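Note sheet for the following structure.
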Amino acid sequence: MRGVLATVLAGCMLAGAGAFAQANGRVFPPVVLAAKTVVILNDTHTMTVEDGATAALKQWGRLQVIDHVDAADIVLHFSKASTHDTSNSQTRDPKDNSQSYGFSVSSSTDVKMTATAKGGFAEFYSTSTGDGKQKAGRECAQSFIEAFQDAQRLKR
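Under the numbering used here, the first residue of the sequence shown is numbered 3, with each subsequent residue one higher.
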């Protein structure tokens, strides 16, 4: 009885998984592949990130970029993640016993893009880049476009 139940359960899971197209290990729900509109939410505080993403999406032409979240089929959300590393050092000169001190700071900022679909779907795609400004927006959008196209090819 357990063997039959396990087989039925596995079959249901496989049938359900077939309803979603996968591209590069990412699942694109059917509602995403049927989407017609996209909105960009830009929390990077850098307008050129949005400009780069908008330019890439308009050049592609598959989705219409709109301004209203409630009307959009797909939401692309851009945010920044900053990291700061510090290090300090102390050395002693063996000749005159003098000390020297050093301190360094390095920082980096990544732009992250996540995609969600209308209808309460969880995040179905994300990408990030260390590039800044317009290039970051364009690069993230282009990555999404390529994954979207891969998912469409797999669906056929």
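Cβ coordinates follow ideal geometry from the N, Cα and C atoms, glycine included. Keep in mind the model is a prediction, meaning the values are calculated, not measured.
query: When the Cα of lysine 120 is compared with those of Leu78, Ala58 and Val51, which residue comes out closest?; result: Leu78
query: Is the region 91-100 in contact with the region 49-57, if contact means three or more CB pairs nearer than 8 Å?; result: no
query: So if DSSP puts leucine 43 in a beta bridge, which residue, or which two residues, is it bridged to?; result: His79
query: Less than 8 Å between the beta carbons of valine 51 and lysine 135, yes or no?; result: yes
query: According to DSSP, is glycine 104 part of a helix, a strand, or is it coil?; result: strand
query: Where does aspartate 133 sit, in a helix, a strand or coil, going by DSSP?; result: coil
query: Grab the span of the beta strand (DSSP E) containing valine 67 for me, first residue to last.; result: 66-68
query: Excluding sequence positions up to five away, which residues of its chain have a Cβ less than 6 Å from the Cβ of glycine 132?; result: Asp112
query: Using beta-carbon positions only, say whether valine 41 and alanine 74 come within less than 8 Å of one another.; result: yes
query: By how many angstroms is the C-alpha of serine 89 removed from the C-alpha of glutamine 144?; result: 36 Å
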